[in-house]
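Report on one structure; see the data block that follows.
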Amino acid sequence: MSESTRIRVTLRWVQILDNKEPFFKERGEFFFRARVRGDGAPQETRIPEEGTFEISDHPAWNKVTFDRVIFEGPVKDTLEIQIEGEEVDRTSANDALELYKRTFTGDPSAWLGEHSPHDEDEDPENLKDWRVCYRIERA
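What follows is the structure in structure tokens.
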């Protein structure tokens with residue numbers, strides 16, 4: 005039986021490609037939920053803890069840096085990361101961004117490093133309406 009490795013996952017940034025708003029509204033109001041599971045119960049994080057971020061889909065203003073730890077704990081051979089984003093609407097139902105979900109298996113040392121759009125041919129961090137970047141490191 006393999007020993008656990010203590011891992012930390014830090015959500016570095018997100019980039020919005022579609023703010024889910026009509027053309028005349030420059031920014032959407034977003035919040036994000038991360039759910040990460042190692043060996044124990046999942047750890048859940050809401051960013052921001054309360055309220056929303058105003059984010060545009062204009063290339064000059066569509067990237068927000070968080071550098072927020074979303075998981076710290078023991079991992080043997082499986083790490084599941086799920087991040088969802090939601091654009092809040094006052095007069096209609098909220099709009100969900102495409103769900104980000106990735107499961108790492110095997111030796112945790114193989115997962116270490118930054119996971120971002122454009123670092124793989126078929127890149128799971130490059131979603132249709134947003135992009136995500138996070139770092140996995142030993143804690």
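If you count the sequence shown from 1, position 32 lands on 36 in our numbering, and the numbers rise without skipping.
All C-beta atoms in this analysis are idealised placements derived from N, C-alpha and C, irrespective of residue type, glycine included.
Hey, how far is the Cα of residue i from the Cα of residue j?
i	j	result
R50	A100	15 Å
D81	R10	11 Å
D22	D61	5 Å
I20	S120	14 Å
F36	K24	15 Å
R139	L83	13 Å
A38	F28	30 Å
D109	W115	Looking at the sequence itself, residue 109 is Thr, so the reference to Asp does not match. Looking at the two C-alpha atoms, the distance is approximately 9 Å.
S8	E126	29 Å
V18	I59	10 Å
H122	L131	11 Å
V79	R16	21 Å
Can you give the beta carbon distance from residue i to residue j, rounded, assuming they're within the 8 Å contact cut?
i	j	result
K67	Q86	About 21 Å separates the two Cβ atoms, so there is no contact after all.
Over the uninterrupted beta strand (DSSP E) stretch that includes residue i, give me the two end residues.
i	result
W134	134-142
L131	Here L131 belongs to no beta strand (DSSP E), and DSSP marks it neither H nor E.
T95	First-last for T95: undefined, no H or E at that position.
D71	67-79
F108	104-109
W115	Here W115 belongs to no beta strand (DSSP E), and DSSP marks it neither H nor E.
E48	47-51
Take the Cβ of residue i as the centre, count every other Cβ of all protein chains shown within 10 Å, and call the residue buried at 16 or more, exposed below.
i	result
F198	The requested residue 198 does not occur in the structure, where the chain is confined to residues 5 to 143.
I135	The residue asked about is misnamed: residue 135 is Arg in this sequence, not Ile. So R135 counts as buried.
E129	buried
G44	exposed
P112	buried
V92	exposed
With 8 Å as the threshold, decide whether the Cβ of residue i is near any Cβ in chain C.
i	result
A64	No chain C appears in this structure, which consists of one protein chain only.
Original post:
Can you list the alpha helix (DSSP H) stretches of 4 or more residues lying completely in the segment 12-46, in chain order?
Top reply: none
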